[in-house]
Every structure is written in C-alpha cells, then in structure tokens.
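Numbering (the numbering used here), first residue to last: 3 to 80. Cβ atoms here follow ideal geometry from the backbone N, Cα and C, with glycine treated the same way.
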C-alpha cells in the first residue's frame, strides 16, 4: 500500500508541473509560481500552491524518478 501511495502522490503532482515543465526550467529559479491543484476526494475543491521555480522543478524530477523506478525504467537525469 505504501508503494501505491507513493505512485499516487507522484502522479498527482506531475501533471501540474509537466504541462509547464519547460517554463519552470527557464528564467529566474527564485521566482514564485502559484498553481491551482485539484484536491483528492473532491470534484470541486481546489488548492492553491505557491513555490519557487526551483522547487517546482525538484518536485517534477523527483516524481518522474519515482514513477520510473516503480515501473523499472531507471530514469536518469543529464
């Protein structure tokens, strides 16, 4: 069940970042980016999350690495 929770957390965080993944990696890493994310268990409620561009990039790469590890791909960054 822990593995399932990790994959679920990784996949729920990834869409918000992957849509703008290239945008996160360009420009000032200290600029603040706010995104509205769906709440798990609710079809209507959303939560606003604000982090720096570097923090969003870290979440993106960590979640991608987790998914690849679970799937057995062994993804490696450059």
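Is the beta carbon of residue i sitting closer than 8 Å to the one on residue j?
i	j	result
residue 47	residue 37	no
residue 55	residue 35	yes
residue 39	residue 49	yes
What does the Cβ neighbour count give for residue i, buried or exposed, with the cut at 16 atoms within 10 Å?
i	result
residue 66	buried
From the DSSP output, in three-state form, read off residue i for me.
i	result
residue 42	coil
residue 47	coil
residue 71	helix
residue 66	helix
Could you say which of the options lies nearest to residue i if we only look at CA atoms?
i	options	result
residue 31	45, 53 and 44	53
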